[in-house]
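Numbering (UniProt numbering), first residue to last: 1 to 325.
Glycine included, every Cβ here is placed at the ideal spot set by N, Cα and C.
Fair warning: this is a prediction, and the values are worked out from it, not measured in the lab.
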Amino acid sequence: MADEPSVRLFRRGLHLFASLSGLHANPQKSQLILSKAAQPSRRPCSLHWIFRKGIFRRIQGWDGIRLSFAGRVQLIKSVLMALETHLRDKSLWTVTEGKGSWGWRKLLKLRLILQTNIQFCVGDGMRFFLWHDPWHTLGPLILRYPRGPQLTGTCSSATLSLVLDNGQWRWPLFTDISCSDIVYLLPPIHPGTDRVTWRSNGCAFSTSSAYDLFRPPGPKVGWSSLLLGSLKIPRNSFILWLVILGKLSTLDKPWLLHFGGTCVLCMDGQAETHDHLFFACSYSRHCLAHIREHVRFPWPHIAWERGIEWASARWRGKHVVNATY
1 MADEPSVRLF
11 RRGLHLFASL
21 SGLHANPQKS
31 QLILSKAAQP
41 SRRPCSLHWI
51 FRKGIFRRIQ
61 GWDGIRLSFA
71 GRVQLIKSVL
81 MALETHLRDK
91 SLWTVTEGKG
101 SWGWRKLLKL
111 RLILQTNIQF
121 CVGDGMRFFL
131 WHDPWHTLGP
141 LILRYPRGPQ
151 LTGTCSSATL
161 SLVLDNGQWR
171 WPLFTDISCS
181 DIVYLLPPIH
191 PGTDRVTWRS
201 NGCAFSTSSA
211 YDLFRPPGPK
221 VGWSSLLLGS
231 LKIPRNSFIL
241 WLVILGKLST
251 LDKPWLLHFG
261 GTCVLCMDGQ
271 AETHDHLFFA
281 CSYSRHCLAH
291 IREHVRFPWP
301 HIAWERGIEW
311 ASARWRGKHV
321 VNATY
C-alpha cells in the first residue's frame, strides 16, 4: 500500500523526468484515484498532488453539501451513470461506432484489420463471448445471426462454455435451418483456457509488429539518424521531423495568409517559408552563428535541404556527435 514517503518519491521522479525531457504532466487532464487507502492517509497523499481527485470532485461539490444520505446516494448514482462508458456488458467486436469520441470511433475502425491478424483458440470457453467474439470462422455470430440467441434459447451475453461439455461441442437444437452453418464450421477445441494468439507475419506479438500492421512502413529515408537515438530529446526530434517534412505552421500556408505571409523575425519582407527560416532569415542566421560559436557546431552555409543531406551523411551511426546532437 502506498504511503506518504512513496508518493513523495514518485512525485520527485516525475519532476526529474520533466526537467530532463521538458514533458510535464497536465493537471487539467490528470486525476488522482485513491483506492483501498485508509482515510488518515488519503489527505497527506493528496496534498502532494495538484491533480483532481477523480469522481469525488463531482460528488463533494456545492450541490451535494446539504443533501441527506439518500440524496447523496442518488447523486452518486447519477454521476456514475453520466460517466461515458463504451464496453460495459458489451464486446469490443460488436459495439457500434455511432457513439463515443472521435478517437474511440477511429479505434473501432481498426477491428477488421485486427480480426484478420489474431486467432481465437477455443479452450474451456470461459473467456470468450458466445455470440459477440470472433472465435468462429464466420466472425461474431451475432452480426450474421441477429436472432441466434432467441433461436437457440441462449443469452446474448453468454460465454462459450455454455456450448462446451468436457472438451466437446454441445450445441442446442436449432429451430431455424439458416443457423446450421454454425455447427458445420466449428473450430477445433484446444486443451487449457481460451487464448488469443498473434499471427501477423508469423511472429510473436510486439508493439512494432502491431504498428507495422496498422501503419505499413514507407520507404527508407536518409535522415532517420538525425531523429532516432536513445539520447535524442523527443520534443526536439519531433520538431525536426516536422521541419524536414515542411509541416511547420509557417505563414506561407494557405490558412495563415491573412497574417501577411512575411517573416516577422527579420522584417525584410521575405515570405516565411521553411527555406527562409533555416537559415536564409537574417535573424535565424544570427542565432545559428552564436550557437556555432559557443558549441562549435559545424553547420555549413548552404540551403536547408542540402544541409539535411550533409548532416545525414556526416552524423550516421552511433558516433558521439550523432548521439549528442
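A direct Cα-to-Cα measurement between lysine 99 and arginine 105 gives close to 8 Å.
If you draw a straight line from the Cα of glutamate 4 to the Cα of tyrosine 145, it is about 55 Å long.
Two segments are said to touch when three or more pairs of C-beta atoms, one from each, lie closer than 8 Å; by this definition the region 194-214 touches the region 112-124. In the three-state scheme derived from DSSP, where H, G and I count as helix and E and B as strand, threonine 207 is classed as helix. Around the beta carbon of glutamate 97, fewer than 16 other beta carbons lie within 10 angstroms, which makes this residue exposed. Taking the Cα positions, glycine 123 is about 18 Å away from serine 157. In this structure leucine 248 does not touch histidine 286 by the C-beta definition: roughly 20 Å separates them, more than the 8 Å allowed. For secondary structure counted as the beta strand (DSSP E) over 3 or more consecutive residues, the region 89-127 holds these complete runs in sequence order: 118-121. Ranking Leu256, Leu227, Pro254 by CA distance to the CA of leucine 242 puts Leu227 first. Rounded to the nearest whole angstrom, the CA to CA distance from proline 300 to isoleucine 244 is 17 Å. Here aspartate 133 is buried: its Cβ has 16 or more other Cβ atoms, across all protein chains shown, within 10 Å.
The continuous beta strand (DSSP E) containing arginine 195 extends over residues 195-198. In this structure, tryptophan 131 sits near isoleucine 142, with a CB-CB distance shorter than 8 Å.
Rounded to whole angstroms, proline 188 and serine 208 show a C-alpha spacing of 30 Å.
The DSSP-derived three-state label of leucine 228 is coil.
With contacts defined as CB atoms closer than 8 Å, serine 225 and tryptophan 315 qualify as a contacting pair. Burial of threonine 152 is indicated by the presence of at least 16 other C-beta atoms within 10 angstroms of its C-beta. Exclusion of the five residues before and after threonine 193 leaves Gly123, Asp124 as the residues of its chain whose Cβ lies within less than 6 Å of its Cβ.
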